[in-house]
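Visitor:
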Amino acid sequence: MPQPPDSNTSLASLMASIGALFVTYLVCSSLIVPDLVNKSLVEGNSLSSGRYGITFPAIESIGELESDAIVTIGSSILQYATDGACISEKLTTENTRVYNLAISGANPYTEMVQIPALTEMKPRMVLLDLGPNSLWNFYESESLDDYIEFRFTVLSITAELHAEGEWSDLLRERDRTYIANSVHERMQLTSSYSQTTFDELFLKHFHDVLDIPYYHRGMPEIGSDAWLSYLETPNFMPPKFETWNESEVDNWFQENMTNKAKMGAYNPNSNGTLNHQALNFMIRTLTEADIEVVLVAPPHHPQVYDYLQPGQIDGHNATLEFFEQTYGVQSLNWYWETWEPGMFRDRNHLGDVGREYYCERMAVELNHLLEG
Amino acid sequence: MDFVKTEYYLYFLPLVVLLTIGLASRRRRTQLLILLSMSYVFFWLASGWHIILLLISTTIDWTAGKKIQASDEASKRKRWLRVSLVTNLSLLAVFKYLDFLIETWNLASLRFTGALEADALGLALPVGISFYTFQTMSYTIDIYLKKQKPYDSFLDFACYAAFFPQLVAGPIVRADHFRKEIEKPLSTNPYRFRLGLTLIIYGIAKKLVIADNVAIHANAIFVEGAHLGNMGLIWWATLCFGIQIYCDFSAYTDIAIGSAHLVGVELPENFKTPYAATSPQDFWRRWHISLSTWLRDYLYIPLGGSRNGRNRMIFALMMTMLLGGLWHGASWNFVLWGLVHGLLLIVHRFGKETPFIKWFFGASGRVGVLVSWVITQFFVFFTWLIFRVEDTAVLIPSMKTFVGWGGHFDREEMYEHLPEIKYLTFMLAACFVLLHGISGKLGGGKEWLARRHSVIWGAACGTMLSLAFYLRPAETIDFIYFRF
Numbered sequence: 001m002p003q004p005p006d007s008n009t010s011l012a013s014l015m016a017s018i019g020a021l022f023v024t025y026l027v028c029s030s031l032i033v034p035d036l037v038n039k040s041l042v043e044g045n046s047l048s049s050g051r052y053g054i055t056f057p058a059i060e061s062i063g064e065l066e067s068d069a070i071v072t073i074g075s076s077i078l079q080y081a082t083d084g085a086c087i088s089e090k091l092t093t094e095n096t097r098v099y100n101l102a103i104s105g106a107n108p109y110t111e112m113v114q115i116p117a118l119t120e121m122k123p124r125m126v127l128l129d130l131g132p133n134s135l136w137n138f139y140e141s142e143s144l145d146d147y148i149e150f151r152f153t154v155l156s157i158t159a160e161l162h163a164e165g166e167w168s169d170l171l172r173e174r175d176r177t178y179i180a181n182s183v184h185e186r187m188q189l190t191s192s193y194s195q196t197t198f199d200e201l202f203l204k205h206f207h208d209v210l211d212i213p214y215y216h217r218g219m220p221e222i223g224s225d226a227w228l229s230y231l232e233t234p235n236f237m238p239p240k241f242e243t244w245n246e247s248e249v250d251n252w253f254q255e256n257m258t259n260k261a262k263m264g265a266y267n268p269n270s271n272g273t274l275n276h277q278a279l280n281f282m283i284r285t286l287t288e289a290d291i292e293v294v295l296v297a298p299p300h301h302p303q304v305y306d307y308l309q310p311g312q313i314d315g316h317n318a319t320l321e322f323f324e325q326t327y328g329v330q331s332l333n334w335y336w337e338t339w340e341p342g343m344f345r346d347r348n349h350l351g352d353v354g355r356e357y358y359c360e361r362m363a364v365e366l367n368h369l370l371e372g
Numbered sequence: 373m374d375f376v377k378t379e380y381y382l383y384f385l386p387l388v389v390l391l392t393i394g395l396a397s398r399r400r401r402t403q404l405l406i407l408l409s410m411s412y413v414f415f416w417l418a419s420g421w422h423i424i425l426l427l428i429s430t431t432i433d434w435t436a437g438k439k440i441q442a443s444d445e446a447s448k449r450k451r452w453l454r455v456s457l458v459t460n461l462s463l464l465a466v467f468k469y470l471d472f473l474i475e476t477w478n479l480a481s482l483r484f485t486g487a488l489e490a491d492a493l494g495l496a497l498p499v500g501i502s503f504y505t506f507q508t509m510s511y512t513i514d515i516y517l518k519k520q521k522p523y524d525s526f527l528d529f530a531c532y533a534a535f536f537p538q539l540v541a542g543p544i545v546r547a548d549h550f551r552k553e554i555e556k557p558l559s560t561n562p563y564r565f566r567l568g569l570t571l572i573i574y575g576i577a578k579k580l581v582i583a584d585n586v587a588i589h590a591n592a593i594f595v596e597g598a599h600l601g602n603m604g605l606i607w608w609a610t611l612c613f614g615i616q617i618y619c620d621f622s623a624y625t626d627i628a629i630g631s632a633h634l635v636g637v638e639l640p641e642n643f644k645t646p647y648a649a650t651s652p653q654d655f656w657r658r659w660h661i662s663l664s665t666w667l668r669d670y671l672y673i674p675l676g677g678s679r680n681g682r683n684r685m686i687f688a689l690m691m692t693m694l695l696g697g698l699w700h701g702a703s704w705n706f707v708l709w710g711l712v713h714g715l716l717l718i719v720h721r722f723g724k725e726t727p728f729i730k731w732f733f734g735a736s737g738r739v740g741v742l743v744s745w746v747i748t749q750f751f752v753f754f755t756w757l758i759f760r761v762e763d764t765a766v767l768i769p770s771m772k773t774f775v776g777w778g779g780h781f782d783r784e785e786m787y788e789h790l791p792e793i794k795y796l797t798f799m800l801a802a803c804f805v806l807l808h809g810i811s812g813k814l815g816g817g818k819e820w821l822a823r824r825h826s827v828i829w830g831a832a833c834g835t836m837l838s839l840a841f842y843l844r845p846a847e848t849i850d851f852i853y854f855r856f
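Now the structure itself:
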C-alpha cells in the first residue's frame with residue numbers, strides 16, 4: 001500500500017499515539033463526561049427532580065461548613081415537614097443549622113447507602129424518619145424495583161460508592177448491579193444518563209433558536225448561597241387539601257383510604273424486614289460514631305386513623321421501642337397525635353400551616369436535646 | 373460475533389493481529405492458515421452451522437475454477453461454470469428467497485382459490501450469504517471469461533472467500549485484488565496500523581453515536597405507523613433512515629477495511645460521500661461501490677449494456693436494478709426500490725440529453741449543480757422510504773406525504789411523537805450533514821486524521837471512543853446489512 005509522503009509514522013510515534021488515545025479516553029470517560037452528567041443530574045433537567053442527585057454533594061457541602069449540622073433523612077413525609085431554616089432560627093444553641101435531605105420515595109433500604117458518608121461528615125445529630133411507612137416488607141413490584149434501580153444508580157453516579165461492609169451485605173443480589181465498585185462500573189452507570197444529559201444540554205442552549213419552551217427544574221448551583229439555603233429549606237409542594245372544601249376531603253378519604261389502609265405503609269412489621277435491617281445498620285453505625293440519632297414519626301391526617309384497625313400499627317411501636325432500648329436513641333413519636341386537618345396538604349404530608357407547627361414543636365425538642 | 377461486540381476488540385482482533393503479524397511474521401502460508409482458521413471461527417460465532425454453506429460454496433467454486441481453467445472444451449467449461457452458478461444461486465434461492473416465493477405463491481393462491489397452498493419453511497438467513505456467493509461467483513465467471521487465472525492454492529482461495537473482515541457485509545472483493553494483497557507475506561507498518569485503528573474507531577463512533585441514535589427516531593415513526601400524514605414526521609424519519617443506513621453500512625465497511633489493514637490487507641473503498649451526488653448515476657458511483665460495479669460487470673454489461681441500442685439498454689438497466697433491489701432482501705419493497713432507482717437512472721440518462729436541460733445546466737453554473745443535488749437527493753431519500761418500510765399500509769401513505777400529496781405540517785404533533793431523546797438526535801443529524809458536506813467537498817477525513825501528530829490523533833480518537841461509549845443508545849441495533 002503506497003504511503004502518503006508526509007506519513008512518516010514511526011513505531012515510537014505509533015506507541016505515543018496509542019498512549020495519547022488511552023489518556024484522552026480515560027480523561028473524557030472518567031472525568032469530563034461524568035462531571036457533565038453529575039452536574040446535569042443535580043443542576044439540570046436530566047432528572048424529573050434534581051433532588052434525587054443532591055444527597056452526596058449536599059453531605060459534602062454541609063461537611064465543609066463550620067456550623068454544627070442537624071441532618072434530616074428519610075421519606076417525603078419529613079421532606080415536606082421540615083423547614084430547616086425555620087427550625088434553625090428557633091434553636092437556642094448558636095451556630096447550629098438544620099438541613100433537610102429527606103426525599104420522596106426514600107426508604108431505609110435505599111437511604112442506608114449514605115450512612116458511611118454521613119458518619120464521615122459527623123453531623124451533630126441525625127433526624128431519622130421512622131414512621132410506620134418505613135417498615136413494610138419487600139414485595140415483588142416492578143415500580144419498587146425501578147425506584148431502587150433509579151435511586152442507587154443516581155447515588156452511584158454522584159459519589160464513589162464501594163459496596164463494602166455491612167450495608168452492602170444487605171443488598172439484594174439484583175441491586176448490586178446498580179452500585180458501582182470500579183471506575184468502569186461507574187462509567188457504565190453514568191452512561192445510562194449521558195444521553196439525557198447531552199439532550200438536555202442542547203435543549204438548554206438552543207431552545208431559543210428552536211423556539212421550544214424550556215423550564216429549568218434543576219437545583220441551585222452547588223456551593224452557591226441559594227444551594228445552602230435550599231439544603232435547609234427545599235421547595236414544597238403546592239397546597240392541595242387546603243384548597244378543597246370539607247366534603248371534597250371527606251370524599252377523597254372515602255374513595256381512597258380503605259385500599260390504602262391495606263398497604264404496607266399502614267401495616268408495619270415489628271422486625272425482620274430489609275428495612276428493619278437497614279435501620280439497624282444506620283442507627284448502630286451513627287450511634288457508634290457518637291452521632292446523636294432521633295427517630296421522628298410525624299402524624300398523618302386525622303381522618304387516616306378512622307380507617308385503621310386496632311393494633312394495625314403495633315409493629316411501628318415495637319420497632320421504636322426496640323431501637324430506643326437497644327441503642328439508647330430518642331424518638332419523637334407524634335404519629336398518634338391528632339393535628340388539625342388544616343395542617344395537612346394531603347393524607348400524610350404537612351402543608352404550610354402544619355410545617356410551621358412542626359417547626360415550633362421540633363425546635364422545642366431539639367433545644368431540649370441539645371441543651372441536655 | 374460482530375463488529376459491535378466488545379469481544380471482537382478485546383480478544384478476537386488482537387489475537388488475529390498478534391498471531392498473523394507478530395508470531396507468523398514473514399511466513400506467508402502460516403499467516404494465511406491462521407487467517408483462514410480465525411475467519412472460520414469468526415463465521416462460526418456469527419452464524420453457527422451456516423459455515424457449512426460457506427464451505428460448500430468455497431469447495432465448489434475452487435473446483436469449478438480449476439476445471440474451467442484446465443479445459444479447452446467450451447461445453448466442459450460452460451458445464452463447470454453452470455455448476456458454480458447453480459450452486460451459489462441455489463444457496464441464495466433456498467436460504468434467502470424460498471420463503472418469499474412460498475408466501476407470494478400463497479398470496480396468489482389465496483386470491484384465486486381461497487386457500488393457502490404451502491407452509492413457509494422459516495429458514496434463518498445465513499449471515500453474509502449474499503456477499504460471499506457474489507464474490508466467489510465473480511471468480512468463476514472471470515476464469516470462464518479468461519479475465520483471470522484461478523488461485524494457485526486452495527488455502528489462498530479459501531482465504532479470499534472467507535476473509536473475516538469483509539465476509540459478513542462486504543465490501544465484495546474481486547479475486548484479483550485479493551490475490552495481489554496476499555501474494556507476499558502479510559505485513560503492516562506503523563502508519564498503516566494507525567490508519568487501521570483510525571478507521572475502526574471512526575466506524576465504531578459512526579455506528580454507535582450516529583446510526584443507532586437516528587435509527588430510534590426512524591423506527592419509532594415507521595414502526596408505530598401513526599400520524600403518517602404529517603410531512604415533518606415523514607421527512608424527518610426518512611432523513612433519519614437515510615443517515616442511519618449510510619452510517620451503519622459505511623461504519624461496517626470502515627471497520628472491515630481498518631481490521632484488514634491491521635493484518636496487512638487493503639480492501640477497496642465502498643462509499644464516496646453518496647449524499648453529495650448530483651445525479652442518480654453519480655449516486656451509484658458513490659454508494660455501495662463494490663456491489664454496483666459487480667452488478668455492472670456481471671449483470672448490466674452481459675445483458676447488453678449501453679452499446680446495443682436504447683431498448684436493450686433500458687432492459688439491461690431495469691433488470692440490473694430490479695435484481696439489485698432483490699439482492700437486498702426477499703421483499704417487494706426492495707423490488708420497488710430497485711425499480712424506482714432503475715427509472716431514475718433512465719430518466720436521468722435521457723433527460724440530460726434534452727435541449728432545455730442541456731441549456732439550463734449549461735447556463736446556470738453553481739445554481740444548476742445545487743438544483744441537480746436537491747433533485748437527486750430528494751429522490752434518493754424517497755427511495756430510502758421505500759427501502760425502509762415493508763408494510764404497505766405504512767409505505768403508501770408515507771410515500772404520498774413525502775411528495776406532499778395530502779400531507780400537512782404540524783410541529784407540535786411532530787414533537788409529541790418523537791422519542792424522548794430529541795435534541796441530541798437533531799444535533800447528531802446536523803453534525804452528520806455538515807461533516808458529510810465537508811467530506812464531499814474536501815475528501816475523507818480518516819486518512820487526514822491518520823497522518824496527524826500523535827497527540828492530535830490520540831486526542832481525536834480517544835474523544836470519539838468516549839463519545840461512542842456515552843452517546844450510544846441503551847440497546848445497540850444490529851448492522852442493517854447483516855440481513856442481506
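Taken in sequence, the protein lines are chains S and E. Per the numbering used here, the first sequence runs over residues 1 to 372. Per the numbering used here, the second sequence runs over residues 373 to 856. Every residue gets a Cβ at the ideal spot worked out from N, C-alpha and C, and that includes glycine.
(1) Who are S/Gln277's beta bridge partners in DSSP?
(2) Along chain E, which residues have their Cβ under 7 Å away from the Cβ of S/Leu203?
(3) Let me know the secondary structure DSSP gives E/Arg657 once reduced to three states.
(4) Considering only their Cβ atoms, is the gap separating S/Leu279 from S/Phe138 smaller than 8 Å?
(5) Just to confirm before moving on: does the CB-CB distance between S/Asp129 and S/Val296 stay below 8 Å?
(6) Against chain E, which members of the segment 15-27 of chain S pass a CB distance test of less than 9 Å?
(7) Grab the span of the beta strand (DSSP E) containing S/Glu324 for me, first residue to last.
(8) Where S/Leu20 and E/Ala846 are concerned, what is the direct C-alpha to C-alpha distance, given to the nearest angstrom?
(9) Between which two residues does the alpha helix (DSSP H) holding E/Ala831 run?
(10) Do we get a CB-CB distance below 8 Å when we pair E/Ser826 with the residues of chain S?
(11) Output, in chain order, the set of chain S residues within a Cβ distance shorter than 7 Å of E/Ala831.
(12) Just mark E/Leu473 as buried or exposed, buried being the case when its beta carbon has 16 or more other beta carbons within 10 Å.
(13) My parser needs the alpha helix (DSSP H) runs of 4 or more residues fully inside the segment 247-294 of chain S; what are they?
(14) Please report the straight-line C-alpha distance between E/Asn642 and E/Ser419, rounded to a whole angstrom.
(15) Could you name the residues of the same chain whose beta carbon sits closer than 6 Å to that of E/Ala531, not counting the 5 residues immediately before and after it, in chain order?
(16) Quick one: measure Cβ to Cβ for S/Ile115 and S/Arg51, integer angstroms, because I've assumed they're closer than 8 Å.
(17) Out of E/Val712, E/Asn680, E/Gly677 and E/Phe415, which one is the CA nearest neighbour of E/Leu694?
(18) Can you name the residues that DSSP bridges to S/Thr72?
(19) Residue range of the beta strand (DSSP E) that S/Asn333 falls in?
(20) For the segment 174-199 of chain S, which residues have a CB atom closer than 8 Å to at least one CB atom of chain E, in sequence order?
(21) Give the single residue among E/Asp584, E/Ala609, E/Leu605 and E/Ala598 whose Cα lies nearest to the Cα of E/Ala590.
(22) Note down the Cα distance separating E/Leu839 from S/Thr190, rounded to an integer number of angstroms.
(23) Kindly indicate if chain E contains any beta-carbon less than 8 Å away from that of S/Val154.
(24) Anyone know if the C-beta pair for E/Thr848 and E/Leu580 falls short of 8 Å?
(25) What runs of the alpha helix (DSSP H), each 4 residues or longer, lie entirely inside the segment 433-457 of chain E?
(26) Tell me the DSSP secondary structure of S/Val296 in three-state form.
(27) Closest Cβ-Cβ distance between E/Met786 and chain S: below 8 Å?
(28) What is the rounded straight-line gap between the Cα of S/Glu376 and the Cα of E/Ala587?
(29) With DSSP as the reference, label S/Phe344 as helix, strand or coil.
(30) On the DSSP letters alone, give me the boundaries of the alpha helix (DSSP H) that E/Trp477 sits inside.
(31) Can you tell me whether S/Asn133 is helix, strand or coil according to DSSP?
(32) Looking at S/Trp334 and S/Pro298, is the spacing between their C-beta atoms short of 8 Å?
(33) Please report how far the alpha carbon of S/Ser88 lies from the alpha carbon of S/Asn95, in whole angstroms.
(34) Check distances from the C-beta atoms of the segment 664-677 of chain E to those of chain S and list, in chain order, the residues that come in under 8 Å.
(35) Check whether the Cβ of S/Val33 lies closer than 8 Å to any Cβ atom in chain E.
(36) Please state if the CB of S/Gly354 and the CB of S/Met343 are separated by a distance shorter than 8 Å.
Guide: Concretely, from the data shown:
(1) In the DSSP output, where bridge partners are listed per residue, S/Gln277 has none listed.
(2) Tyr795
(3) helix
(4) no
(5) yes
(6) Met15, Ala16, Ser17, Ile18, Gly19, Ala20, Leu21, Phe22, Val23, Thr24, Tyr25, Leu26 and Val27
(7) Note, S/Glu324: premise wrong, no beta strand (DSSP E); alpha helix (DSSP H) at Asp314 to Tyr327.
(8) Residue identity check: residue 20 of chain S is Ala in the sequence provided, not Leu. Between S/Ala20 and E/Ala846, the C-alpha separation is close to 28 Å.
(9) Ser826 to Leu843
(10) yes
(11) Ala20 and Thr24
(12) exposed
(13) 274-288
(14) 24 Å
(15) What sits at residue 531 of chain E in the sequence shown is Cys, not Ala. The answer, listed in chain order, is Leu404, Leu407 and Leu408.
(16) That pair is no contact at about 19 Å.
(17) E/Val712
(18) S/Asn100 and S/Leu127
(19) Gln330 to Asn333
(20) Met187, Thr190, Ser191, Ser192, Ser194, Gln195, Thr196, Phe198 and Asp199
(21) E/Ala609
(22) 13 Å
(23) no
(24) yes
(25) none
(26) strand
(27) no
(28) Residue 376 of chain S is absent from the model: chain S starts at 1 and stops at 372.
(29) strand
(30) Leu470 to Phe484
(31) helix
(32) yes
(33) 9 Å
(34) none
(35) yes
(36) yes
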